[in-house]
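Asker: Structure below; questions to follow.
Numbering (UniProt numbering), first residue to last: 1 to 163.
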C-alpha cells in the first residue's frame, strides 16, 4: 500500500492497487483514483509445458548499429538445429536465397568474437575492430577468410604497439 491524495476525502490516504483490473482505489472512501493503469514491469513467467528450459527471457540481444538492418532480421530455425531439415523445402530455399547484405559480415563478427575470447582481446579493442571491419566491408566484399586475416593483422598491430 502507498499514500495518495483523495479528492473525496480531501487528504492523503492509503490507496490499494488492484493489479488485475489496473485500478488504484482509496482505502477510506473507495473512490477509484486511477483506472486501467498499465503495468510496465517485465513479465517473468515461464511456460514450462511449452519448453524444457526455465529461461524467462523473451527478447534477443541489443540492436547492432554496424549491420544494415540493425541485426533485427528474422531467421527461421531448423527443427533439429543446424543439422535438421526445414519442414518445407521451399521455405529453406527462400530463406537461403533471401538477400541479407550482412550475412558474411555477421559470420565474420562471430568468428572474430570467438577468436578474441580465445586470445583474451578486450571488449573495447573488439568493438574498434568490428567497426573497422564494417567500414572496410563497405569498400570491398568481405569473406570470412579476409575477416580472419584482418583480425590477425589488427591483433598483431595492437600487440606490437603495446610493447
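The beta carbon of each residue, even a glycine, is placed where N, CA and C say it ideally should be.
Since this is a predicted model, take the numbers as computed values, not measurements.
In the DSSP assignment, find the beta strand (DSSP E) that holds residue 23 and state where it starts and stops.
Answerer: For the purposes of this step, residue 23 is taken as residue 23 along the chain shown, with counting starting at 1. 23-26 is the extent of the beta strand (DSSP E) around residue 23.
Asker: Please state the DSSP three-state secondary structure of residue 124.
Answerer: Counted from its first residue, the chain shown places residue 124 at position 124. Three-state result, residue 124: helix.
Asker: Helix, strand or coil for residue 18 per DSSP?
Answerer: Here residue 18 refers to the residue found at position 18 of the chain shown. In this structure, residue 18 counts as strand in the three-state DSSP scheme.
Asker: In whole angstroms, what is the alpha-carbon distance linking residue 11 and residue 25?
Answerer: Here residue 11 is taken as the residue at index 11 of the chain shown, counted from 1. Here residue 25 is taken as the residue at index 25 of the chain shown, counted from 1. Each residue's alpha carbon lies about 14 Å from the other.
Asker: Between residue 113 and residue 133, which are expected to be in contact by the criterion C-beta below 8 Å, what is the C-beta distance as a whole number of angstroms?
Answerer: Along the chain shown, one-based indexing puts residue 113 at 113. Along the chain shown, one-based indexing puts residue 133 at 133. About 11 Å; that fails the 8 Å criterion.
Asker: In terms of residues, what are the limits of the beta strand (DSSP E) holding residue 34?
Answerer: Sequence index remark: in the chain shown, residue 34 carries index 34 (1-based). Taken as a continuous stretch (DSSP letters only), the beta strand (DSSP E) holding residue 34 covers 32-34.
Asker: Go ahead and label residue 38 buried or exposed: buried means 16 or more other beta carbons lie within 10 angstroms of its beta carbon, across all protein chains shown.
Answerer: Reading the chain shown from its first residue, position 38 is the one you call residue 38. Result: exposed.
Asker: Skipping 5 residues on each side, what residues in its chain have a beta carbon closer than 6 Å to that of residue 32?
Answerer: Translated into positions along the chain shown, residue 32 becomes position 32. So the list reads 23 and 25, once near-sequence residues are dropped.
Asker: Once you ignore the five residues that flank residue 35 on each side, which residues in its own chain have a CB closer than 6 Å to its CB?
Answerer: Position 35 of the chain shown holds residue 35. So the list reads 23, once near-sequence residues are dropped.
Asker: Kindly indicate which residue of 40, 7, 131 and 128 has the alpha-carbon position closest to the one of residue 28.
Answerer: Position 28 of the chain shown, counted from the start, is the residue given in the question as residue 28. Looking at the Cα atoms, 7 is the closest of the given residues.
Asker: Please say whether residue 16 and residue 4 have beta carbons closer to each other than 7 Å?
Answerer: Counting from 1 along the chain shown, the entry for residue 4 is found at position 4. Counting from 1 along the chain shown, the entry for residue 16 is found at position 16. Their beta carbons are not under 7 Å apart, which means residue 4 does not touch residue 16 by this criterion.
Asker: Any idea if residue 131 is buried or exposed, counting beta-carbon neighbours within 10 angstroms, 16 or more meaning buried?
Answerer: Taking the first residue of the chain shown as position 1, residue 131 is located at position 131. Its Cβ having fewer than 16 others within 10 Å, residue 131 is exposed.
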